[in-house]
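Residue numbers (this note's numbering), protein chains in the order written: chain C, 358 to 639; chain L, 71 to 377; chain U, 193 to 695. We put the CB at the ideal spot given by N, CA and C, even for glycine. Working notes, beginning with the structure itself.
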Amino acid sequence: MMTGTYWRRRLLGFEFVTGFVLTGGMVALVLLSDVLFPDGGSAMDLTARLQPPGQSLAHILGTDPLGRDVLARVVVGGQVSLTVGVVSVLGAVIVGIAAGLIAGYYRGVWDIVLMRWADVQLALPFILIAITFAAILGADMWRLIAFMAIAQWVQYARVVRGAVLSLREREYVQSARSFGVGDLAILWRHILPNAIGPVIILMTLNVANNILLESSLTFLGLGIDPLTPSWGGMLADGRSYLQSAWWVGVFPGLAIMLTVLGLNLLGDWFRDVLDPTSQSGT
Amino acid sequence: MIGFLARRLAQAIFVIFVVTLLVAWAVRLSGDPAVMLAQGAGSVTAHDLENIRRGLGLDRPFSAQYLGFVSGMLHGDFGRSFMGGTSVALLIRQALPLTLLLAFVSLALSLLISIPLGIQAAVRRGRLADQLIRMLSLVGLSFPNFWLALMLVLVFSITLGWLPPSGADERAGLIMPAATLAVILTATNVRLVRGAMLDTLSAQYIMVARGKGLGERAVLYRHALRNCAIPLITYIGLQFGGLIGGVVVVERVFNWPGMGSLAFDAVAARDYPVLQAVVTILAAMIVLVNLATDVIYGLVDPRISRE
Amino acid sequence: MTGYLRAALIVAATMVAPTAGQAAGTLTVAQSQDPASWDPVDTFLISWGQLATNVFDGLVQRGPDMQLKPALATSWEMLDGDKRIRFKLRHDVTFQDGEPFNAAAVKFSMQRLLGPKGAKGPQQSNYTAIGSVEVIDDFTVDFMLSRPDPVLLTKLAGYGGVIVPPQYIAKVGDDGFAAHPIGTGPFKVTDYQPKVSATEEAYGGFWGSKAKLDRVVYRFIVEPDTQVAELQAGRVDIATNIPVALVPNIQKSADLRLDSITGPTVTVLRFNTAHGITENPDVRRAMIMAVDRDSIVKIILQGQAKTVTSFQSDLSFGFDPALKPVPFDPAGARALLKQAGVAPGTPVQLDFRGNDTTFREVAQAVASYLTAVGLKASVKPYEMNVFTNDIIPNGKTGEMFQFGWGGWTFDYDNTAYLMYHSGEHWNPYDKDTTLDGMLEQQRTMTDPSARLKKLQAIADYVAGHALELPMYNLNTIYGVNKRVQNFVPPADNRLRLNDVTVD
Numbered sequence: 358m359m360t361g362t363y364w365r366r367r368l369l370g371f372e373f374v375t376g377f378v379l380t381g382g383m384v385a386l387v388l389l390s391d392v393l394f395p396d397g398g399s400a401m402d403l404t405a406r407l408q409p410p411g412q413s414l415a416h417i418l419g420t421d422p423l424g425r426d427v428l429a430r431v432v433v434g435g436q437v438s439l440t441v442g443v444v445s446v447l448g449a450v451i452v453g454i455a456a457g458l459i460a461g462y463y464r465g466v467w468d469i470v471l472m473r474w475a476d477v478q479l480a481l482p483f484i485l486i487a488i489t490f491a492a493i494l495g496a497d498m499w500r501l502i503a504f505m506a507i508a509q510w511v512q513y514a515r516v517v518r519g520a521v522l523s524l525r526e527r528e529y530v531q532s533a534r535s536f537g538v539g540d541l542a543i544l545w546r547h548i549l550p551n552a553i554g555p556v557i558i559l560m561t562l563n564v565a566n567n568i569l570l571e572s573s574l575t576f577l578g579l580g581i582d583p584l585t586p587s588w589g590g591m592l593a594d595g596r597s598y599l600q601s602a603w604w605v606g607v608f609p610g611l612a613i614m615l616t617v618l619g620l621n622l623l624g625d626w627f628r629d630v631l632d633p634t635s636q637s638g639t
Numbered sequence: 071m072i073g074f075l076a077r078r079l080a081q082a083i084f085v086i087f088v089v090t091l092l093v094a095w096a097v098r099l100s101g102d103p104a105v106m107l108a109q110g111a112g113s114v115t116a117h118d119l120e121n122i123r124r125g126l127g128l129d130r131p132f133s134a135q136y137l138g139f140v141s142g143m144l145h146g147d148f149g150r151s152f153m154g155g156t157s158v159a160l161l162i163r164q165a166l167p168l169t170l171l172l173a174f175v176s177l178a179l180s181l182l183i184s185i186p187l188g189i190q191a192a193v194r195r196g197r198l199a200d201q202l203i204r205m206l207s208l209v210g211l212s213f214p215n216f217w218l219a220l221m222l223v224l225v226f227s228i229t230l231g232w233l234p235p236s237g238a239d240e241r242a243g244l245i246m247p248a249a250t251l252a253v254i255l256t257a258t259n260v261r262l263v264r265g266a267m268l269d270t271l272s273a274q275y276i277m278v279a280r281g282k283g284l285g286e287r288a289v290l291y292r293h294a295l296r297n298c299a300i301p302l303i304t305y306i307g308l309q310f311g312g313l314i315g316g317v318v319v320v321e322r323v324f325n326w327p328g329m330g331s332l333a334f335d336a337v338a339a340r341d342y343p344v345l346q347a348v349v350t351i352l353a354a355m356i357v358l359v360n361l362a363t364d365v366i367y368g369l370v371d372p373r374i375s376r377e
Numbered sequence: 193m194t195g196y197l198r199a200a201l202i203v204a205a206t207m208v209a210p211t212a213g214q215a216a217g218t219l220t221v222a223q224s225q226d227p228a229s230w231d232p233v234d235t236f237l238i239s240w241g242q243l244a245t246n247v248f249d250g251l252v253q254r255g256p257d258m259q260l261k262p263a264l265a266t267s268w269e270m271l272d273g274d275k276r277i278r279f280k281l282r283h284d285v286t287f288q289d290g291e292p293f294n295a296a297a298v299k300f301s302m303q304r305l306l307g308p309k310g311a312k313g314p315q316q317s318n319y320t321a322i323g324s325v326e327v328i329d330d331f332t333v334d335f336m337l338s339r340p341d342p343v344l345l346t347k348l349a350g351y352g353g354v355i356v357p358p359q360y361i362a363k364v365g366d367d368g369f370a371a372h373p374i375g376t377g378p379f380k381v382t383d384y385q386p387k388v389s390a391t392e393e394a395y396g397g398f399w400g401s402k403a404k405l406d407r408v409v410y411r412f413i414v415e416p417d418t419q420v421a422e423l424q425a426g427r428v429d430i431a432t433n434i435p436v437a438l439v440p441n442i443q444k445s446a447d448l449r450l451d452s453i454t455g456p457t458v459t460v461l462r463f464n465t466a467h468g469i470t471e472n473p474d475v476r477r478a479m480i481m482a483v484d485r486d487s488i489v490k491i492i493l494q495g496q497a498k499t500v501t502s503f504q505s506d507l508s509f510g511f512d513p514a515l516k517p518v519p520f521d522p523a524g525a526r527a528l529l530k531q532a533g534v535a536p537g538t539p540v541q542l543d544f545r546g547n548d549t550t551f552r553e554v555a556q557a558v559a560s561y562l563t564a565v566g567l568k569a570s571v572k573p574y575e576m577n578v579f580t581n582d583i584i585p586n587g588k589t590g591e592m593f594q595f596g597w598g599g600w601t602f603d604y605d606n607t608a609y610l611m612y613h614s615g616e617h618w619n620p621y622d623k624d625t626t627l628d629g630m631l632e633q634q635r636t637m638t639d640p641s642a643r644l645k646k647l648q649a650i651a652d653y654v655a656g657h658a659l660e661l662p663m664y665n666l667n668t669i670y671g672v673n674k675r676v677q678n679f680v681p682p683a684d685n686r687l688r689l690n691d692v693t694v695d
């Protein structure tokens, strides 16, 4: 089944190509950002404040309220935004899957303790935790990542637990157990691959969500320092210029959109690869 | 069933208790309400702040303050806000219905759109309809909520003059905040429904159902949808929890005075009575929603035992 | 079919059309904060002044030019060698519930301010120069001063000095008064929904020029973008919280005008004079020279502010027009830093309030200027409560920190004493005995011209020692619908709307 043509069709499919190009392109640009823009987009020029895009070659995408080049800041800003988006989700997923598997498979005390702790976390007001984190740990990117991961593992845990609850009763799981197959093997080989579908969707959704969450936090005054460019920060700082200088916020927004698009296409592709019963190709 | 509910209720009370204790502790870790009340003041000395704190009952030890709060809640007395002495019960009575209204309408709107769209995308997988639906959902997903809100206001209030830019006193004021929230909810749910439908459509028993000669519609809605209900229901539960306490940004932009901004303002001002009461109510609701989700699991998939 | 369609359209239109918030004679004002309590002794919030100045009067009041005028007192004189102020009270004034205004009401209000109720609030400590109040007759009252206070008369125009109704408070209690206030002003509060809106209606029995409007509705709208949107949509007549970034939106609109006047708040960057490289006055002077304050005001603040040379606006008593600003001189700054032994790339940190959108831009500009002279400048946002409660008073700031001060008395004493005198709550770093002496001395001077000279000397001393980087005095910017007439924007945010009309 996994012949050469199978893989060729998969890798040349629309999803993979577009997803890879977009995501790969973004990541490459961001990785090269220090080389492309050595000053980090921080060169301020008050005489060139709020220039519209296309007005000068030095500032193809225009300038922001402090006269800084929007293109440079968008590219450099990807460093923070991609790191925040990806690392926070990875952290949450690892903890969440583990918790969800344990709670759903073993039930009993584990289920009660983990799920009630999840309830406690869900009921804690997000803003209070954000403010307390910021007050005690300072306002930097890693604090933000830790906070998001801690706040979000619960989603994955609950989704995985839900899947595990129905999967563990299936015939093939019951028969594997009666054959004496160990729990870990069952979890890894039978349950996890089937529970992971919604998790992958959530992961790609949450990367977008977290990049935007950084924006909301900046909107509320709880974000990272404004000198460090980030897509979310630029969006929030640009909101008052929606009517008078749209490019300040629209271009970082476009960067987010393209990245999210790419990641989601890759995520869909990955889901398809994992799913042995789906039709090949797109 | 009774035993199950009784056990879960006991756990729920415990959870709510833990949440309120944690919040009461966490909010006192930083900042000071007296500073907020003395804002703008001329000669505020340490002595003045002490006076203000004593007036608010903050010179008592933490245990006394917390127990005072708990006993008050049990008697139905929600206390008075530090900012001006407004009755907390009044503030919650104003904010809670607005929050519930917005949450239900946004969620309902998103489900009405996302379930059919998600099913269509799954059924026509790989074809134009699927691509289009997925692209649209990605656009909706990557749009920052406050930008969408501000753009809606620019178009529908300022340019066209059809809708009020903000406020909850007119019925039409619900439209834009609900639409803003529904966009991101729909985008998420479309993808979830599509993914879950794809999983189930290829499963064995669907082929059996088709083989039985059941109409396509029956196959879709009666069998397939039931089985992708689990992840969807889980996520709807999570979304609802987020909607009742966490939509501060949308509430602020549209000036929709709900529980989210009530909680946010209370944290910023370190208004302990308001915050503690709001958190208690939100915790109770979220715990109930999670309980309901678990009960529904059992109803949708009878194979899931309760414990 | 067409009839049906038309009917449906009409129904739809009436459902979604903006409701008539602008009925003839109603003014709608948007403000960002609900002060939550109408009680004048509870608060110092600017938002209280915007709402409640229509409702209450004090013995004296300030006109738009910030000069003192008679209000509930028609005249006053100092007696007994300045230890006693005698006020002659206005006749035929009634509170909005019909209760008569007289000396007993004045005595009640002052005792309430200075007593246990006032002790729970931030107003009391400004009025402690008042030892006791004596009723001479129904319309004459004496204030016995326990110590000289040259600013007391000005302070009596403030919140704490307003006169409240004794019989009404005796009947409904403090809580009832805080929720349903009664005063002697031109408007009476008729509806109040916490966090949503407050409605005031014209009071026909007002002693002065009666209100020309029927009603003023205040809507509490937190976000400035939303206030401006409401203004642009014609649903709000005056928006009071316009940040500089939104000014172009108003200028572009044909129905709106910008009323921008000198504001009460002055923003400076205060230095950490106790630790690090900023302990050295030369380093501080260099940092001041490095920042182009004029460009910041002209470009980032779009001219909606004025540069300042000391921690006061030009309307303040104590302002010295002869004090020259430190010139913008990056080369000189570099030289001075080198001379002070500061190596290039030395980090400096600027702390500021994270939710201040305008200052976010200013802070970044300042950091950029400092970086241009060789320092490695960074900015750090803090949550407001933590900043004001912990970071500043406990001296945990970086090399510089943002400080905004609304000198509500428009008298330099109120600012200078609290900022520079050692041991004061807002002064975590400075300990200068010479300065302390000057500050204490001017508090005892009752001769205005001598006190003026002293205050100017203080400002000069502060500038000479570079204790702060004076930044700007931001205008108060009102967005106003052109249908509003006779609106005179006040410099102290206290809206008194009895002369305003709407077309």
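Worksheet item: Taking Cβ positions, are residue 229 of chain U and residue 127 of chain L nearer each other than 9 Å?
Response: Position 37 of the third sequence, counting from 1, holds the residue named residue 229 of chain U. Position 57 of the second sequence, counting from 1, holds the residue named residue 127 of chain L. No; because the gap between Cβ atoms is not below 9 Å, this pair is not in contact.
Worksheet item: Rounded to whole angstroms, how far is the Cβ of residue 299 of chain U from the Cβ of residue 325 of chain U, which I believe are closer than 8 Å?
Response: As a working note, residue 299 of chain U is residue 107 in the third sequence. As a working note, residue 325 of chain U is residue 133 in the third sequence. Right, their Cβ atoms sit about 5 Å apart.
Worksheet entry | Option in L:96, L:238, L:341, L:222 with minimal Cα separation from residue 104 of chain L | Residue 104 of chain L sits at position 34 when you count from the first residue of the second sequence. Ranking the options by Cα distance to residue 104 of chain L, first place goes to L:341.
Worksheet entry | Status (buried if at least 16 other CB within 10 Å, exposed otherwise) for residue 283 of chain U | Here the question's residue 283 of chain U lines up with position 91 in the third sequence. Exposed, by the Cβ-count rule.
Discussion item. Against residue 578 of chain U, what residues of chain C qualify as contacts under a CB-to-CB distance less than 7 Å, listed in chain order?
Written reply: Stepping through the third sequence from its first residue, residue 578 of chain U is reached at position 386. Those are 492, listed as they occur along chain C.
Worksheet item: Does any CB atom of chain U fall closer than 9 Å to the CB of residue 514 of chain C?
Response: In the first sequence, the residue the question calls residue 514 of chain C occupies position 157. Output row for residue 514 of chain C: interface = no.
Worksheet entry | Near-chain L residues of the stretch 415 to 440 of chain U - C-beta to any C-beta below 7 Å | 415, 417, 418, 421, 422, 424, 425, 427
Worksheet item: Among U:548, U:543, U:574, U:547, which has the Cα closest to the Cα of residue 559 of chain U?
Response: Counted from its first residue, the third sequence places residue 559 of chain U at position 367. Among U:548, U:543, U:574, U:547, the Cα nearest to that of residue 559 of chain U is on U:543.
Worksheet entry | Rounded separation between residue 332 of chain L and residue 227 of chain U - CA only | Taking the second sequence and counting its residues from 1, the one referred to as residue 332 of chain L is at position 262. Taking the third sequence and counting its residues from 1, the one referred to as residue 227 of chain U is at position 35. Approximately 14 Å between the Cα atoms of the pair.
Worksheet item: Is the CB-CB distance between residue 608 of chain C and residue 461 of chain C below 9 Å?
Response: Along the first sequence, read from residue 1 onward, the residue named residue 608 of chain C stands at position 251. Along the first sequence, read from residue 1 onward, the residue named residue 461 of chain C stands at position 104. In this structure, residue 461 of chain C does not lie closer than 9 Å to residue 608 of chain C by Cβ.
Worksheet item: What's the C-alpha gap between residue 205 of chain U and residue 227 of chain L?
Response: By 1-based counting over the third sequence, the position of residue 205 of chain U is 13. By 1-based counting over the second sequence, the position of residue 227 of chain L is 157. Low local confidence applies: a pLDDT of 46 at residue 205 of chain U is under 50, so the model's placement there is unreliable, and no value is given.
Worksheet entry | Span separating the alpha-carbon of residue 356 of chain L from that of residue 659 of chain U | Locating residue 356 of chain L in the second sequence gives position 286, counting from the first residue. Locating residue 659 of chain U in the third sequence gives position 467, counting from the first residue. Straight-line Cα distance between these residues: approximately 52 Å.
Fill in: Whole-number beta carbon distance between residue 647 of chain U and residue 605 of chain U, since they are thought to touch under 8 Å
Locating residue 605 of chain U in the third sequence gives position 413, where the first residue counts as 1. Locating residue 647 of chain U in the third sequence gives position 455, where the first residue counts as 1. That belief holds up - the Cβ atoms of residue 605 of chain U and residue 647 of chain U are roughly 7 Å apart, short of 8 Å.
Discussion item. Classify residue 360 of chain U: buried if its beta carbon has 16 or more other beta carbons within 10 angstroms, exposed otherwise.
Written reply: Your numbering for residue 360 of chain U matches position 168 in the third sequence. Buried: at least 16 other Cβ atoms inside 10 Å.
Worksheet item: Looking at residue 323 of chain L and residue 415 of chain U, is the spacing between their C-beta atoms short of 9 Å?
Response: For the purposes of this step, residue 415 of chain U is taken as the residue at position 223 of the third sequence. For the purposes of this step, residue 323 of chain L is taken as the residue at position 253 of the second sequence. Yes. Within cutoff.
Worksheet item: Would residue 457 of chain C pass as a contact of residue 266 of chain L if the rule is Cβ separation under 9 Å?
Response: By one-based count along the first sequence, residue 457 of chain C stands at place 100. By one-based count along the second sequence, residue 266 of chain L stands at place 196. In this structure, residue 266 of chain L does not lie closer than 9 Å to residue 457 of chain C by Cβ.
Worksheet item: Is there a Cβ from chain C that is less than 9 Å from the Cβ of residue 371 of chain L?
Response: Residue 371 of chain L sits at position 301 when you count from the first residue of the second sequence. Closer than 9 Å to some Cβ of chain C, the Cβ of residue 371 of chain L qualifies, so yes.
Worksheet item: Taking DSSP as the reference, what is the three-state secondary structure of residue 596 of chain U?
Response: Within the third sequence, the letter at position 404 stands for residue 596 of chain U. It is a strand residue.
Worksheet item: What's the gap between the Cα of residue 321 of chain L and the Cα of residue 487 of chain U?
Response: Within the second sequence, the letter at position 251 stands for residue 321 of chain L. Within the third sequence, the letter at position 295 stands for residue 487 of chain U. Their Cα atoms are separated by approximately 36 Å.
Item to complete: Specify the secondary structure class of residue 653 of chain U as computed by DSSP and reduced to three states.
Response: In the third sequence, counting from the first residue as 1, residue 653 of chain U sits at position 461. In the structure shown, residue 653 of chain U sits in a helix (DSSP, three-state: H, G or I).
Worksheet item: Near residue 97 of chain L, what residues of its chain come up, given a Cβ to Cβ distance below 7 Å and the 5 sequence neighbours on each side ignored?
Response: Working through the second sequence from its first residue, we reach residue 97 of chain L at position 27. Closer than 7 Å at the Cβ level, and outside the excluded window around residue 97 of chain L, lie 337, 340, 342, 345.
Practice prompt. Output yes if chain L places a C-beta closer than 9 Å to the C-beta of residue 505 of chain C; else output no.
Written response: Your numbering for residue 505 of chain C matches position 148 in the first sequence. No, because no Cβ of chain L sits closer than 9 Å to the Cβ of residue 505 of chain C.
Item to complete: Inspect the beta-carbon positions of residue 581 of chain C and residue 613 of chain C and report whether they are closer than 9 Å.
Response: Numbered from its first residue, the first sequence carries residue 581 of chain C at position 224. Numbered from its first residue, the first sequence carries residue 613 of chain C at position 256. Not a contact, by the Cβ cut-off of 9 Å.
Item to complete: Along the beta strand (DSSP E) that carries residue 390 of chain U, what are the first and last residues, could you check?
Response: Locating residue 390 of chain U in the third sequence gives position 198, counting from the first residue. That run of the beta strand (DSSP E) goes 389 to 394.
Practice prompt. Could you run through the stretch 398 to 411 of chain C and flag, in chain order, every residue whose CB is less than 9 Å away from some CB of chain U?
Written response: 399, 400, 401, 403, 404, 406
Worksheet item: Which of helix, strand or coil does DSSP assign to residue 399 of chain U?
Response: The sequence position of residue 399 of chain U within the third sequence is 207, counting from 1. Of the three classes helix, strand and coil, the one that applies to residue 399 of chain U here is coil, per DSSP.
Worksheet item: Mind checking whether residue 493 of chain U and residue 550 of chain U have CB atoms under 9 Å apart?
Response: As a first step, residue 493 of chain U is located in the third sequence; it is residue number 301 there, counting from the start. As a first step, residue 550 of chain U is located in the third sequence; it is residue number 358 there, counting from the start. Their beta carbons are under 9 Å apart, which means residue 493 of chain U touches residue 550 of chain U by this criterion.
Practice prompt. Excluding the 5 residues preceding and the 5 following residue 586 of chain U in the sequence, name in chain order all residues of the same chain whose CB lies nearer than 8 Å to its CB.
Written response: As a working mapping, residue 586 of chain U is identified with position 394 in the third sequence. For residue 586 of chain U, where only same-chain residues beyond five positions count, the Cβ hits under 8 Å are 620.
Practice prompt. Indicate whether at least one CB of chain U lies closer than 9 Å to the CB of residue 594 of chain C.
Written response: Taking the first sequence and counting its residues from 1, one reaches residue 594 of chain C at position 237. Chain U contact via Cβ: present.
Worksheet item: How would you label residue 14 of chain L, buried or exposed, when you count the other beta carbons within 10 angstroms and need 16 or more for buried?
Response: Any property of residue 14 of chain L remains undetermined from this structure, which presents chain L solely from 71 to 377.
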